[in-house]
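J.:
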Amino acid sequence: MAIRRENQNLSSNQSSKEHIGIKYNPYTYEVTLFGASIPLEKNSKTNLIMGKYINKPLYLWYKELVKALYEDFNTKNFKITFHGRENDYSDILDEINYLNNNNNWSLKSELIPFNENQTIIKELSNYIDDVLTTSPEELKKELKESCAIEEFNFSKNGEAEVSVIATMSSGKSTLLNAILGDEILPSKNEACTATICRIKDVDGMNGFKLKVEDLAGNIISDWKLATQDDINTFNNSEQVVNLFIEGDIPCTSSEEMSLILIDTPGPNNSQNLEHKEATYNFIKDTNKNPLVLYVLNVTQHATNDDARLLREISDIVKNHGKQAEERFIFALNRIDDFDVEKESIDTLIENSKKYLKDFGIENPRIFPVSAEAAKLLRLKKDGKPLTKSQSIKLAGFEFKFLPIPEENYPGIDTIKYASISDSLKEKLYKECLENRDLALLHYSGITAIEKYINIYVNKYARSQQIKDSITTLKNVIDTAFLEVNLLKGKTSSEISKLSQEIENIEKLLKTQGKDKTISVKNKIRDLTLNSNEYVLLFNKIENKFTDLEDQFNSDKVTVSRAQLLLEDVNKELEELILSLHSSILNFSEKEIRNNAENIILDLKNYFSNILNDFTLNIDLKELLESKFQLELPKTSQLLNSGIYCVEEKIGSTFSHEKSISVWYKPWTWGDTEDVYVDVYDKKEYVNLITLKSEFLTTKKREIRKMISDMENKAISQLNLLKEDSLKIVSNVEYNIELKLTELKSTVDNQNNLLQQENEYQKKIHQISLYKEKLDSILDL
Numbered sequence: 001m002a003i004r005r006e007n008q009n010l011s012s013n014q015s016s017k018e019h020i021g022i023k024y025n026p027y028t029y030e031v032t033l034f035g036a037s038i039p040l041e042k043n044s045k046t047n048l049i050m051g052k053y054i055n056k057p058l059y060l061w062y063k064e065l066v067k068a069l070y071e072d073f074n075t076k077n078f079k080i081t082f083h084g085r086e087n088d089y090s091d092i093l094d095e096i097n098y099l100n101n102n103n104n105w106s107l108k109s110e111l112i113p114f115n116e117n118q119t120i121i122k123e124l125s126n127y128i129d130d131v132l133t134t135s136p137e138e139l140k141k142e143l144k145e146s147c148a149i150e151e152f153n154f155s156k157n158g159e160a161e162v163s164v165i166a167t168m169s170s171g172k173s174t175l176l177n178a179i180l181g182d183e184i185l186p187s188k189n190e191a192c193t194a195t196i197c198r199i200k201d202v203d204g205m206n207g208f209k210l211k212v213e214d215l216a217g218n219i220i221s222d223w224k225l226a227t228q229d230d231i232n233t234f235n236n237s238e239q240v241v242n243l244f245i246e247g248d249i250p251c252t253s254s255e256e257m258s259l260i261l262i263d264t265p266g267p268n269n270s271q272n273l274e275h276k277e278a279t280y281n282f283i284k285d286t287n288k289n290p291l292v293l294y295v296l297n298v299t300q301h302a303t304n305d306d307a308r309l310l311r312e313i314s315d316i317v318k319n320h321g322k323q324a325e326e327r328f329i330f331a332l333n334r335i336d337d338f339d340v341e342k343e344s345i346d347t348l349i350e351n352s353k354k355y356l357k358d359f360g361i362e363n364p365r366i367f368p369v370s371a372e373a374a375k376l377l378r379l380k381k382d383g384k385p386l387t388k389s390q391s392i393k394l395a396g397f398e399f400k401f402l403p404i405p406e407e408n409y410p411g412i413d414t415i416k417y418a419s420i421s422d423s424l425k426e427k428l429y430k431e432c433l434e435n436r437d438l439a440l441l442h443y444s445g446i447t448a449i450e451k452y453i454n455i456y457v458n459k460y461a462r463s464q465q466i467k468d469s470i471t472t473l474k475n476v477i478d479t480a481f482l483e484v485n486l487l488k489g490k491t492s493s494e495i496s497k498l499s500q501e502i503e504n505i506e507k508l509l510k511t512q513g514k515d516k517t518i519s520v521k522n523k524i525r526d527l528t529l530n531s532n533e534y535v536l537l538f539n540k541i542e543n544k545f546t547d548l549e550d551q552f553n554s555d556k557v558t559v560s561r562a563q564l565l566l567e568d569v570n571k572e573l574e575e576l577i578l579s580l581h582s583s584i585l586n587f588s589e590k591e592i593r594n595n596a597e598n599i600i601l602d603l604k605n606y607f608s609n610i611l612n613d614f615t616l617n618i619d620l621k622e623l624l625e626s627k628f629q630l631e632l633p634k635t636s637q638l639l640n641s642g643i644y645c646v647e648e649k650i651g652s653t654f655s656h657e658k659s660i661s662v663w664y665k666p667w668t669w670g671d672t673e674d675v676y677v678d679v680y681d682k683k684e685y686v687n688l689i690t691l692k693s694e695f696l697t698t699k700k701r702e703i704r705k706m707i708s709d710m711e712n713k714a715i716s717q718l719n720l721l722k723e724d725s726l727k728i729v730s731n732v733e734y735n736i737e738l739k740l741t742e743l744k745s746t747v748d749n750q751n752n753l754l755q756q757e758n759e760y761q762k763k764i765h766q767i768s769l770y771k772e773k774l775d776s777i778l779d780l
């Protein structure tokens, strides 16, 4: 029986006259309404919004849904009953609380939760095996032609990436070791300059294994037992490498989706620019939306390197909705450095939130943690030897973190401040009372971080994985079910009428359909790249260089001062180029994806318009719509057809040592006739005004050229997409005509099928069972 959880947002003397239920299936993205107190018309705002976002996850449009219900009910006082996952309900609840607190609404809500099927991929895999073994040949053929099985197999072994980012001295490696339950990664305050480390969860492995590749993918060291010494050696090597580690990460299961922790070089600890850019790419990836765990030293905020990345994060959070807010979490490490009897944890947390808010991050997900305490506790629990110093530390942590009520000592309560639900906090507190070792682990703060990671992966990555794996499969089964039931119980005259309707559609496709196809193709040819983003980038460059030029306003500074200035400017320009490059890659990919989705939508509308020109048997219309849906290209199919790879230089600012020697190294300027140096009494000076006109102007020109080149590459990619899409439209047109011919043949041969009534009924029964079973697996 479902447990109902009610959110009381109204005072006791208020009541919600209007009410509605929302049922959301996160595996199919299907939203259904139930129990509405006022019937919603077909063209109601709510139904229009639902039609607009069909097959889109609810987290993209839940705000519009709530506002649409307000417009249809014409009141700010109504109740929403939500049937679905608590993770998805939290979005609705956040919007309700916001509207109640800020806009004087009076909404109520109630959750009817369902227990998620944690083995749904396994059940679907068994289901497919059964279908391929026992189903009719026609169904097997359709599954093969639609690539449904290939799509499922590709999607079922999903991976969810978590990028871990930090500046130096934040304890990032210690935090990762705490999550791994082992001292695999070297923990020290030196910069690890040459590696990106990908750590993949593989259940059941003893220990961890390591493979090392160079940037070209060549194996330097094949799989072997991972040791801290080996990893340390590659970290300190001058050769730039990628490390791959596999092992059993305790906090998660890889049965249906593998967690991958990516130890990403921070802004101040990578001399290799390709690796350094990886940090920006993870932050700005609004297509895959990987979770980013940002580790801050709670005792040492406000570094320049943090400031640069936090501004980038702020831009993403402000402009990309709820998921963007949730995908950045901030671990306030070294919370154990505070003395709770002398210092206020409340003040510490508020100061940390204010620090992040100053960068525009309004509602940060905060997690105070002692990575060292968590690591030592897990090492001890797993029977790994601790040094004398570690044992003393662990005893101190236990004494410091856990509350002692009889002495009125509060302990360090990280659970209280963690950005997790109240119900989850209650669960952790309860476990603390039952188990002292578990209490220290929970109070260390590591458990809350791990729970949040699992919640995020389940809400976003796993739901998308299941949706990708079953979309075509479900379409094939549904279409087969519609087709075998189309003729069920039909009289001879009804069958003849169906045959005539199909023939009429065939004729229309060959006449007016051609004109509509031409219209779709013309829309594809007219697709253009949105240049607004590029204009904004050019404006950003101008503003940045204006700020930099203000620093070059003296005609006489010492060489050492000029050297420091140029080093700072060089670093700022390097960060600017990395930021611009990753921004262009991200929004170009998004722009191409949007165009691909629009092409598919145009194709869908093209066929819908043709069907709407007729008064069709409702079962036939539903079947034809389903058949056409199977013929539509997938977004990934269009994107892959337009993708090409080139080796490209990101920019001479950071990739060509020779080019910067003239401008970046004033200490190399000799006692010669140099345009930048005046010599008085054997002292060297630099004319910054002259340097500005040559150095900054050159660099601005190089950066603007980089943006133009990347814009031209994006245009070329769009042209490839258009070229391939035109071919696909022709293929879809041909396939639809073929499917109609096959369907008409089936209808015309119905008399033959009726003579084999037993075989026909068996086929209907068999496919009906397959549909029922799949619907049952996917049902809430």
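Sequential numbering from 1 applies to the sequence shown in the numbering used here. The C-beta atom is built at its ideal place from N, Cα and C for all residues, glycine as well.
#1: Is N43 helix, strand or coil by DSSP?
#2: Let me check understanding here. Comparing Cα to Cα, which of N297, F587 and R704 lies closest to K544?
#3: Where are the alpha helix (DSSP H) runs, 4 residues long or more, that stay fully inside the region 434-496, in chain order?
#4: Could you spell out where the alpha helix (DSSP H) holding V162 opens and where it closes?
#5: Given a cut-off of 8 Å, decide if V340 and I781 are closer than it, judged by their beta-carbon atoms.
#6: Could you say which of I502, L259, R311 and K773 lies nearest to K284 if we only look at CA atoms?
#7: Measure how close the beta-carbons of L428 and H442 come, nearest whole angstrom, since I'm counting them as under 8 Å.
#8: Buried or exposed: where does W223 fall if 16 or more other Cβ atoms within 10 Å of its Cβ makes it buried?
#9: Rounded to the nearest angstrom, what separates L256 and K381 at their Cα positions?
#10: How many angstroms separate the CA atom of G321 from the CA atom of S90?
#11: DSSP three-state call for S135: helix, strand or coil?
#12: Which whole runs of the beta strand (DSSP E) in the region 312-388 are 3 residues long or more, in chain order?
#13: How about Y456 and R327: are their beta carbons less than 8 Å apart?
#14: Would L787 and E398 qualify as a contact pair, given that the criterion is a beta-carbon distance under 8 Å?
#15: Return yes when the Cβ of E95 is within less than 8 Å of the Cβ of K63, no when it is not.
#16: May I ask you to list the residues that DSSP assigns as paired with V212?
#17: Check whether the Cβ atoms of K141 and S106 sit closer than 8 Å, and answer yes or no.
#18: According to DSSP, H19 sits in a beta bridge with which residue or residues?
#19: Between V66 and the rest of its own chain, which residues show a CB-CB distance below 6 Å, the 5 nearest in sequence each way excluded?
#20: Give the DSSP-derived three-state secondary structure of Y606 in the structure shown.
#21: So what does DSSP say about T260, is it helix, strand or coil?
#22: Quick check: the Cα distance between E362 and I316, rounded to an integer number of angstroms?
#23: Is the distance from the Cβ of E533 to the Cβ of L696 below 8 Å?
#24: Please identify the residue among K45, V747 and L143 whose C-alpha is closest to the C-alpha of E503.
#25: Let me check understanding here. Comparing Cα to Cα, which of I128, S768, L293 and E159 lies closest to S170?
#26: In whole angstroms, what is the alpha-carbon distance linking E450 and E325?
#27: Determine the closest residue to L576 out of L630, K700 and L718, with distance taken between C-alpha atoms.
#28: As a quick exercise: from N435, P113, F234 and E759, pick the residue whose alpha carbon is nearest that of D214.
#29: For the structure I just gave you, are there three or more beta carbon pairs, one from the region 329-339 and one from the region 201-215, closer than 8 Å?
#30: Taking DSSP's pairing of strands, which residues face E30 in a bridge?
#31: Going straight from the alpha carbon of L774 to that of L124, what length do you get?
#32: My output table needs one value for R85: the three-state DSSP class, helix, strand or coil.
#33: Compute the Euclidean distance between the alpha carbons of S730 and S608, then round it to the nearest angstrom.
#34: How many Å lie between Q629 and K604 at the Cα?
#35: Reducing DSSP to helix, strand and coil, say where K108 ends up.
#36: Confirm, please, whether the CB-CB distance from S370 to G247 is below 8 Å.
T.: The short version:
#1: To locate residue 43, count along the sequence shown from 1; it is residue 43. The three-state reading of DSSP puts N43 in coil, since its state is none of H, G, I, E or B.
#2: Taking the sequence shown and counting its residues from 1, one reaches residue 544 at position 544. Checking every option, the nearest Cα to that of K544 belongs to R704.
#3: Complete alpha helix (DSSP H) runs here, min 4: 436-444, 446-456 and 463-486.
#4: For the purposes of this step, residue 162 is taken as the residue at position 162 of the sequence shown. Careful: V162 lies outside any alpha helix (DSSP H), inside the beta strand (DSSP E) at G158 to A166.
#5: Since the first residue of the chain shown is 1 and the last is 780, residue 781 is not available in this structure.
#6: Counting from one through the sequence shown, the residue named residue 284 turns up at place 284. Ranked by Cα distance from K284, the options I502, L259, R311 and K773 are led by R311.
#7: Residue numbering aside, residue 428 sits at position 428 when the sequence shown is read from its first letter. Residue numbering aside, residue 442 sits at position 442 when the sequence shown is read from its first letter. About 5 Å; that satisfies the 8 Å criterion.
#8: Here residue 223 is taken as the residue at index 223 of the sequence shown, counted from 1. Label assigned to W223: exposed.
#9: One-based indexing of the sequence shown puts residue 256 at position 256. One-based indexing of the sequence shown puts residue 381 at position 381. Strictly speaking, residue 256 in this sequence is Glu, with Leu absent from that position. Approximately 27 Å between the Cα atoms of the pair.
#10: Taking the first residue of the sequence shown as 1, we reach residue 321 at position 321. Taking the first residue of the sequence shown as 1, we reach residue 90 at position 90. Cα to Cα, G321 sits roughly 14 Å from S90.
#11: Translated into positions along the sequence shown, residue 135 becomes position 135. Assigned with DSSP and collapsed to three states, S135 falls in coil, not helix or strand.
#12: Qualifying beta strand (DSSP E) stretches, in chain order: 328-333 and 365-369.
#13: Mapped onto the sequence shown, residue 456 falls at position 456. Mapped onto the sequence shown, residue 327 falls at position 327. A contact, by the Cβ cut-off of 8 Å.
#14: Residue 787 lies beyond the stretch modelled for the chain, which goes from 1 to 780, so this question has no answer here.
#15: To locate residue 63, count along the sequence shown from 1; it is residue 63. To locate residue 95, count along the sequence shown from 1; it is residue 95. The answer is yes: Cβ separation under 8 Å.
#16: Here residue 212 refers to the residue found at position 212 when the sequence shown is read from its first residue. Assignment of beta-bridge partners to V212 by DSSP yields S221 and L243.
#17: Within the sequence shown, the letter at position 141 stands for residue 141. Within the sequence shown, the letter at position 106 stands for residue 106. No; because the gap between Cβ atoms is not below 8 Å, this pair is not in contact.
#18: Stepping through the sequence shown from its first residue, residue 19 is reached at position 19. DSSP lists K79 as partners of H19.
#19: The sequence position of residue 66 within the sequence shown is 66, counting from 1. Listed in chain order, the non-local C-beta contacts of V66 below 6 Å within the same chain comprise E95, local neighbours out to five positions each way being set aside.
#20: Start at 1 with the first residue of the sequence shown, and residue 606 comes out as number 606. Of the three classes helix, strand and coil, the one that applies to Y606 here is helix, per DSSP.
#21: The residue you call residue 260 lines up with position 260 of the sequence shown. Residue identity check: residue 260 is Ile in the sequence provided, not Thr. I260: strand per DSSP, three-state reduction.
#22: Locating residue 362 in the sequence shown gives position 362, where the first residue counts as 1. Locating residue 316 in the sequence shown gives position 316, where the first residue counts as 1. Their backbone Cα atoms lie some 12 Å apart in a straight line.
#23: As a first step, residue 533 must be located in the sequence shown, where it is residue number 533. As a first step, residue 696 must be located in the sequence shown, where it is residue number 696. No, these two residues do not count as a Cβ contact at 8 Å.
#24: Looking up residue 503 in the sequence shown gives position 503. Closest by C-alpha distance to E503, out of K45, V747 and L143, is V747.
#25: Translated into the one-based positions of the sequence shown, residue 170 becomes position 170. Restricting attention to I128, S768, L293 and E159, the CA atom closest to the CA of S170 is found in L293.
#26: Against the sequence shown, residue 450 aligns to sequence position 450. Against the sequence shown, residue 325 aligns to sequence position 325. Their Cα atoms are separated by approximately 18 Å.
#27: Taking the first residue of the sequence shown as 1, we reach residue 576 at position 576. Distances from the alpha-carbon of L576 to those of L630, K700 and L718 put K700 closest.
#28: As a first step, residue 214 must be located in the sequence shown, where it is residue number 214. Closest by alpha carbon: F234.
#29: Short answer: they don't touch.
#30: For the purposes of this step, residue 30 is identified with residue 30 of the sequence shown, where counting begins at 1. E30 pairs with N25.
#31: Counted from its first residue, the sequence shown places residue 774 at position 774. Counted from its first residue, the sequence shown places residue 124 at position 124. Roughly 8 Å between the two C-alpha positions.
#32: Residue mapping note: residue 85 aligns to position 85 of the sequence shown, counting from 1. In the structure shown, R85 falls within a coil segment according to DSSP collapsed to helix, strand and coil.
#33: Residue mapping note: residue 730 aligns to position 730 of the sequence shown, counting from 1. Residue mapping note: residue 608 aligns to position 608 of the sequence shown, counting from 1. Their backbone Cα atoms lie some 17 Å apart in a straight line.
#34: Sequence index remark: in the sequence shown, residue 629 carries index 629 (1-based). Sequence index remark: in the sequence shown, residue 604 carries index 604 (1-based). Each residue's Cα considered, the two are about 8 Å apart.
#35: As a first step, residue 108 must be located in the sequence shown, where it is residue number 108. Reduced to three states, the DSSP call for K108 is strand.
#36: Counted from its first residue, the sequence shown places residue 247 at position 247. Counted from its first residue, the sequence shown places residue 370 at position 370. No, Cβ-Cβ distance for G247 and S370 is not below 8 Å.
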